[in-house]
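Going down the list, the protein sequences come from chains A and B. Sequential numbering of the first sequence, starting at 1344, is according to this note's numbering. Sequential numbering of the second sequence, starting at 1344, is according to this note's numbering. First comes the structure, then the notes that go with it.
2 protein chains.
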Amino acid sequence: MLDHQLNTAIDTLKKSGVRITPQRHAVLEYLLTAETHPTADDIYKALESKFPNMSVATVYNNLRILRELGLVRELTYGDSSSRFDSNMVDHYHIICDECGKIVDFHYPTLDEIESLAEKVSGFNINYHRMELYGTCEECSQAKVQ
Amino acid sequence: MLDHQLNTAIDTLKKSGVRITPQRHAVLEYLLTAETHPTADDIYKALESKFPNMSVATVYNNLRILRELGLVRELTYGDSSSRFDSNMVDHYHIICDECGKIVDFHYPTLDEIESLAEKVSGFNINYHRMELYGTCEECSQAKVQ
DNA sequence: ACACTATTAATAACAATTATAATCTAGGCC
DNA sequence: GGCCTAGATTATAATTGTTATTAATAGTGT
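Quick look at the structure:
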């Protein structure tokens, strides 16, 4: 499953004439394997041991390229730094206000809201995003103590 | 209407033991009057003529205090800088990808999504936000030319 | 092997925001 | 009304996430 995703992604890169460098491969693989939604710095730190000389700019460059090819999604929330998500199926996010954890939330896409918004605003709506905020189980338990 | 909002807000400040300084008053008034959703820098620039010596830190401090007291809302999107919204009634936002304009979008709150999210995630959901992205009428027309 | 181009690493630049420290002032109290 | 003090402001430095620059490096096609 992961191998399949990785191979598909690599095919996309090849077709676009983007070279598969070791660093790029590692960033891509890390994102596909990650259960979490890492920041650029998370990725940088995680690959540090494998690529001691890698620059943080390389991580950003590769994330930008992967984003431009539609292989990853950039999530921009309040907490300063962007997070990256290799799950390209439409879904929403649930975010813990305490620890910052982000969990995917699959729910039928709210297309009717988009059409209503078009009517009332005159905009041409392309997409929407939604985040639900609260406290995760772990943090709720920690607070009780 | 605006006066009423302003007075209510000032009461809240007084009750919380927060001093009503001229700068703070001006920031608050600007936000309540604003049709737009200004950034900290917008506010800073707008009040520059009235308070030539005002520091940008003052704007940030006051925005933080107003936010902590629940008088304004901070909107954090991808585009680097936060925007501030004095409309505290629940509503969503429609954002133009071309020019960055933000328009309020009133729609019945999606409470059922919150309860579903609680069930599937185990989170305790407090609130949610949604933004719809697209192209506004002005920018659509500009593109045709 | 050669030339060409993409990529990298290192570093500097940048912009938004926050921290620090010295000075000032709003608002309660006499 | 004038004094006092905690809170506010100013100016500046520091921090953080990200992007730009540039020279060195490494694939790719011929």
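By construction, the Cβ of each residue, glycine as well, lies at the ideal position given by its N, Cα and C atoms.
| Item | Value |
| --- | --- |
| Beta-carbon proximity list for alanine 1389/B, same chain, < 8 angstroms, skipping 5 on both sides | Tyr1373 and Pro1381 |
| Complete runs of the beta strand (DSSP E) confined to the stretch 1392-1449 of chain A [at least 3 residues] | 1416-1418, 1426-1428, 1435-1439 and 1445-1448 |
| Span of the beta strand (DSSP E), counted from its first residue to its last, around arginine 1472/A | 1467-1478 |
| Inter-residue Cα distance where the pair is proline 1451/B and histidine 1434/B | 8 angstroms |
| Pairwise C-alpha distance: aspartate 1447/B and valine 1437/B | According to the sequence displayed, residue 1437/B carries isoleucine and not valine. Taking the straight line from one Cα to the other gives about 6 angstroms. |
| Neighbouring residues, chain A, relative to isoleucine 1456/B (Cβ below 9 angstroms) | Tyr1435, Phe1448, Tyr1450, Leu1453, Met1473 and Leu1475 |
| Chain B within 7 angstroms of phenylalanine 1427/A, Cβ atoms only | no |
| Selection from Cys1482/A, Thr1364/A and Gly1413/A that minimises the alpha carbon distance to valine 1432/A | Gly1413/A |
| Top-ranked residue by Cα proximity to asparagine 1469/A, from Ile1456/A, Glu1481/A and Leu1475/A | Ile1456/A |
| Glutamate 1378/A, enclosing alpha helix (DSSP H) - first and last residue | Segment: none, glutamate 1378/A is in no alpha helix (DSSP H) and carries neither H nor E. |
| Separation of lysine 1486/B from phenylalanine 1394/B, as counted between CA atoms | 39 angstroms |
| Phenylalanine 1394/B: contacting residues in chain A (beta-carbon distance under 9 angstroms) | Within chain A, no residue comes near phenylalanine 1394/B; the closest Cβ sits about 28 angstroms away, beyond 9 angstroms. |
| Test: isoleucine 1468/A CB closer than 7 angstroms to a CB of chain B | yes |
| Through-space distance from glutamate 1378/B to glycine 1360/A, alpha-carbon basis | 46 angstroms |
| 6 angstroms Cβ shell around asparagine 1405/B - same chain, five flanking residues per side excluded | Arg1367 and Val1370 |
| Segment contact, 8 angstroms Cβ cut-off, at least three pairs: the stretch 1457-1464 of chain B with the stretch 1458-1467 of chain A | no |
| Serine 1464/B at chain A interface by Cβ criterion, 7 angstroms | yes |
| Residue interval of the alpha helix (DSSP H) (run including valine 1463/B) | 1454-1464 |
| Cutoff 7 angstroms: serine 1483/B Cβ touching any chain A Cβ | yes |
| Start and end residues, alpha helix (DSSP H) containing isoleucine 1353/A | 1345-1358 |
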